[in-house]
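Visitor: Take a look at this one; I'll ask things after.
Following this line, the structure appears as structure tokens:
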């Protein structure tokens, strides 16, 4: 009987040790994720006042056979953004947005037709919305809110990787993946469960006034 009691106590101790070890591991993983997300979010917030940068974005949707390339120049609250949409290798359409604080111009070109939106007044069949400002980290801030949502946070996996020659954290949520620059907190690649990929490249401080030319209307 005594031997059975000792055996039972030994089993209980083993179970307690396993449970404690599991709890410690889970707490450690959760703390690591929290600290990494907090650090990256702080780095991202430090980009709030960046007002001179070039952003190149390429979105590839293999399912639709579509590629979207967007080049944006931002300097001193002025911006010019030009996007080309390709379908099955052919240039399907072009979208341009311009804002110099006085004029807000949007242009949509497709199949030889051209629609313009000037200060909210549309001329043509398509209206182009032009943003009042173009913040470098605006879209990424939305993603960080998504990461911190309790419904998503505990499912996140955080690894390290290299993307576009940048040291990154690779954050995985279900089948969605995000590569985040360790130095800036900026997301430089998104890969969605649908298979579509978005790549972003940034050059800070190199945009000249001559890069932001008002489109011909």
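Residue numbers (the numbering used here): 1199 to 1415.
For every residue, glycine included, the Cβ atom is placed at its ideal position computed from N, Cα and C.
Would you say residue 1222 lies against chain D (beta-carbon separation less than 9 Å)?
Guide: Of the protein chains in the structure, only one exists, and it is not chain D.
Visitor: Mapping the DSSP letters down to three states, classify residue 1375 as helix, strand or coil.
Guide: It is a strand residue.
Visitor: Below 9 Å between beta carbons: does that hold for residue 1405 and residue 1250?
Guide: Cβ atoms of residue 1405 and residue 1250: closer than 9 Å.
Visitor: Using 10 angstroms around the beta-carbon of residue 1456, count the other beta-carbons present and answer buried if the total reaches 16, otherwise exposed.
Guide: For residue 1456 there is no data in the structure shown, the boundaries of the chain being 1199 and 1415.
Visitor: Specify the secondary structure class of residue 1338 as computed by DSSP and reduced to three states.
Guide: If DSSP states are grouped into helix, strand and coil, residue 1338 belongs with the helices.
Visitor: Report the rounded CA-to-CA distance for residue 1239 versus residue 1390, giving the unit in angstroms.
Guide: Each residue's Cα considered, the two are about 21 Å apart.
Visitor: For residue 1270, does the count of other Cβ atoms within 10 angstroms reach 16, so buried, or fall short, so exposed?
Guide: That one is buried.
Visitor: Determine the closest residue to residue 1416 out of 1282, 1226, 1241, 1298, with distance taken between C-alpha atoms.
Guide: A query on residue 1416 cannot be resolved here, the shown segment of the chain reaching from 1199 to 1415 and no further.
Visitor: Check each candidate in 1317, 1290, 1286 and name the one with the smallest Cα separation from residue 1307.
Guide: Out of 1317, 1290, 1286, 1290 has the C-alpha closest to the C-alpha of residue 1307.
Visitor: Grouping DSSP H, G and I as helix and E and B as strand, with all else coil, what is residue 1220?
Guide: Correct three-state label for residue 1220: helix.
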